[in-house]
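Asks: What follows is a single structure, and I will ask about it in a moment.
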Amino acid sequence: MNKFERAERNYLIAVLKLAGEPIAIIADRFGISVQHASNVARGNAWMVETRAGRQVAPGLTTRAAVAIEKTLGIWPSDTIKAFVEGSAMILLRSENGRRVIMEDIGRWLQLEAQPSQS
18 MNKFERAERN
28 YLIAVLKLAG
38 EPIAIIADRF
48 GISVQHASNV
58 ARGNAWMVET
68 RAGRQVAPGL
78 TTRAAVAIEK
88 TLGIWPSDTI
98 KAFVEGSAMI
108 LLRSENGRRV
118 IMEDIGRWLQ
128 LEAQPSQS
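Under the numbering used here, the letters of the sequence shown match residues 18 to 135, in that order.
Quick look at the structure:
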């Protein structure tokens with residue numbers, strides 16, 4: 018499982034737990050221990066509350082989208098990629114600017130440079 022898939026799985030675990038799904042069922046569904054599922058749900062609950070049902074831009078993790086909003090005050094979309102790219106140093110210097118989040122944002126920004134697979 019790559020980092021993007023793991024981040025989205027962790028977000029889904031938190032969503033399910035906050036929706037009232039029993040942690041044992043969540044753990045079984047994802048093939049992880051109950052303790053690990055509980056830790057993941059607790060550690061990612063803040064993302065569920067911050068995202069509040071808003072759509073995440075294709076190719077961007079929920080974790081990175083929340084970090085962009087917390088730092089820049091805007092919810093990321095494809096129409097503001099240039100602004101986000103120009104604000105890279107602000108993001109990097111912020112408390113949310115961890116390396117893994119910057120990698121997520123970098124992959125998202127590079128998507129437009131790649132030819133579409135349609």
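C-beta atoms are modelled at their ideal positions from N, C-alpha and C, and glycine is treated no differently.
Note that the structure is a prediction, hence the values are computed from the model and not measured.
1) Pick out the complete alpha helix (DSSP H) segments inside the stretch 36-84, 4 residues or longer, and give them in chain order.
2) Report the rounded CA-to-CA distance for L108 versus G90, giving the unit in angstroms.
3) Taking DSSP as the reference, what is the three-state secondary structure of E112?
4) Buried or exposed for K20, going by 16 or more other Cβ atoms inside 10 Å?
5) For the alpha helix (DSSP H) holding G103, just list the boundary residues, first then last.
6) Quick check on this structure: which residue in D121, Y28, G76, W125 has the alpha carbon closest to the alpha carbon of G70?
Replies: According to the structure shown:
1) 40-47, 51-68
2) Start at 1 with the first residue of the sequence shown, and residue 108 comes out as number 91. Start at 1 with the first residue of the sequence shown, and residue 90 comes out as number 73. Rounded to whole angstroms, L108 to G90 spans 11 Å at the Cα level.
3) Within the sequence shown, the letter at position 95 stands for residue 112. Reduced to three states, the DSSP call for E112 is coil.
4) For this step, residue 20 is matched to residue 3 along the sequence shown. Its Cβ having fewer than 16 others within 10 Å, K20 is exposed.
5) Here residue 103 corresponds to residue number 86 of the sequence shown, with the count starting at 1. Counting along the chain, the alpha helix (DSSP H) containing G103 begins and ends at 98-103.
6) To locate residue 70, count along the sequence shown from 1; it is residue 53. Of the candidates D121, Y28, G76, W125, the one whose C-alpha sits nearest the C-alpha of G70 is Y28.
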